[in-house]
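Chemist: My structure is below; once you've seen it, I'll send some questions.
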Amino acid sequence: MTSSGFCFLSKAILGFLIATSVILSAQCFAPSALESIAGRHLRASTTEDSSETLTLFSPCKINLFLRIIRKRPDGYHDLASLFQAVGFGDTLHLSLSDNDGKDEFTCNMEGVPTDSTNLVLRALELMRQKTGKTDVFFHADLFKRVPAQAGLGGGSANAATAMWGANVLMGNPATLEQIIDWSADLGSDITFFLSRGTAYCTGRGEIMTPIDPPLPAGAKLTIVKPDLGLSTPKVFGALDYDQLSVEDPETLLNIFLKDGVINTDDKYYINDLEQPAFDCLPELEALKDELLCVKGFDHVMMSGSGTSIFCIGEPNDKDSFMKEFDEREGVSVFNTEFISREEGSWFVNPEK
-4 MTSSGFCFLS KAILGFLIAT SVILSAQCFA PSALESIAGR HLRASTTEDS
46 SETLTLFSPC KINLFLRIIR KRPDGYHDLA SLFQAVGFGD TLHLSLSDND
96 GKDEFTCNME GVPTDSTNLV LRALELMRQK TGKTDVFFHA DLFKRVPAQA
146 GLGGGSANAA TAMWGANVLM GNPATLEQII DWSADLGSDI TFFLSRGTAY
196 CTGRGEIMTP IDPPLPAGAK LTIVKPDLGL STPKVFGALD YDQLSVEDPE
246 TLLNIFLKDG VINTDDKYYI NDLEQPAFDC LPELEALKDE LLCVKGFDHV
296 MMSGSGTSIF CIGEPNDKDS FMKEFDEREG VSVFNTEFIS REEGSWFVNP
346 EK
């Protein structure tokens, strides 16, 4: 190459670099970029476009242990529990609505209320009032898989998911800490679903201590749900306070975190609501006894107030297990795993 050709090429390269630098600098100081940086603690796959629809996974949970501490003067119970998010759940499609003055809500599952008593609509209204964005309304479509009266927190997860999504669509006016604080106004378990996937919950369940990092994602479990359901008030009504465990919940927490879910001794898998649920539904105890005999499961226990029973691990003969239980009339089986979320992002469906 001649010296004049080399000089021309050098000037061209220099000009390109300067132009690129100017463009990048302009982008760095653009308002949209600054807004993105300011709101990165609450991310979802969306844009500021009012036509954008968020598709959010709404996971359910299990209780690795559940201690009932006392009945309070207000009629509620103080509890202490280690909650874990799992990859079986619902899907919420959420978008901004042009329907001034009213949110719109639809759901595929028969029997789910679609009026103002639904937790999704209550969550959207709460976000509107707390943020002061009272002129913003939403369309929410919930594809539900988690059954009711299962002890899996499906409705609470839907509410937490709606709060997260509404905040994103409104431009992140609230911090995660604010949303966590507000969530207690709606119910006991909602706060947990704003953790990263593992949390120690006390009070009515609304006082959350996140476990960070969460328990390792990917641990396999099977949830077995009979069609028979139990309301939480009925289970608490059958509670015999003299039969409650005396294990210190903080000791239980330390054991689980130290030994891990698999290696923790069976005797520390405690659910104080299990026996009253069995007293209400003897068939549920019989189902647990069957599952305890399945080779491959490390631990078997009822979740929450029932009636789901979770089994940590996988059956040695999965085909035979599914044939015996999933094809049984009146029983549903969901094979899933522990999940967690990245800081600043929402939960992702592991099945996708």
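Counted from 1, the sequence shown has number 289 at position 294 by this note's numbering; the numbering is strictly sequential.
Where a beta carbon is used, it is the ideal one built from N, C-alpha and C, also for glycine.
Taking the straight line between their C-alpha atoms, what separation do you get for H36 and L171?
Modeler: Confidence is the limiting factor: at H36 the pLDDT is only 47, short of 50, which leaves the residue's position unreliable, though a coordinate-based value still follows. Roughly 8 angstroms separates the two Cα atoms.
Chemist: If you reduce the DSSP assignment to three classes, tell me which class Y264 lands in.
Modeler: Secondary structure at Y264: coil, using DSSP grouped into helix, strand and coil.
Chemist: Taking D136 as the reference, which of R62, L114 and P228 has the closest Cα?
Modeler: Among R62, L114 and P228, the Cα nearest to that of D136 is on L114.
Chemist: Return the first residue and the last residue of the beta strand (DSSP E) that S90 is part of.
Modeler: H72 to L91
Chemist: Report the three-state DSSP secondary structure of T246 (helix, strand or coil).
Modeler: Residue state, collapsed to three classes: helix.
Chemist: For T227, which three-state DSSP category applies?
Modeler: Correct three-state label for T227: helix.
Chemist: For the beta strand (DSSP E) that contains S111, what are its first and last residues?
Modeler: Looking at the DSSP string, S111 is not in any beta strand (DSSP E), and its letter there is neither H nor E.
Chemist: Within the region 101 to 189, note down every full beta strand (DSSP E) run reaching 3 residues or more, in order along the chain.
Modeler: 133 to 138, all fully within the region 101 to 189.
Chemist: How about G148 and G255: are their beta carbons less than 8 angstroms apart?
Modeler: Not closer than 8 angstroms, so no.
Chemist: Could you say which of D261, F83, P271 and F292 lies nearest to V343 if we only look at CA atoms?
Modeler: F83
Chemist: Let me know if D184 comes out buried or exposed under the rule of 16 or more other beta-carbons within 10 Å of its beta-carbon.
Modeler: buried
Chemist: Secondary structure at A272, three-state DSSP: helix, strand or coil?
Modeler: It is helical.
Chemist: Less than 8 angstroms separating the beta-carbons of G224 and A143?
Modeler: yes
Chemist: Can you look up S(-2) in the DSSP assignment and give me helix, strand or coil?
Modeler: Low per-residue confidence applies at S(-2): pLDDT is 41, beneath 50, and the placement is therefore not dependable, though the value from the model is reported in the following sentence. In the structure shown, S(-2) sits in a helix (DSSP, three-state: H, G or I).
Chemist: Secondary structure at D293, three-state DSSP: helix, strand or coil?
Modeler: The answer is strand: DSSP assigns D293 an E or B state.
Chemist: So the beta strand (DSSP E) F329 belongs to, where does it begin and stop?
Modeler: V326 to E332
Chemist: On the three-pair Cβ rule with 8 angstroms, is the region 186 to 205 touching the region 154 to 167?
Modeler: yes
Chemist: Whole angstroms is fine: what's the gap from G106's alpha carbon to F316's?
Modeler: Using only the alpha carbons, I get a separation of about 30 angstroms.
Chemist: From T193 to P208, what distance separates their C-alpha atoms?
Modeler: 8 angstroms
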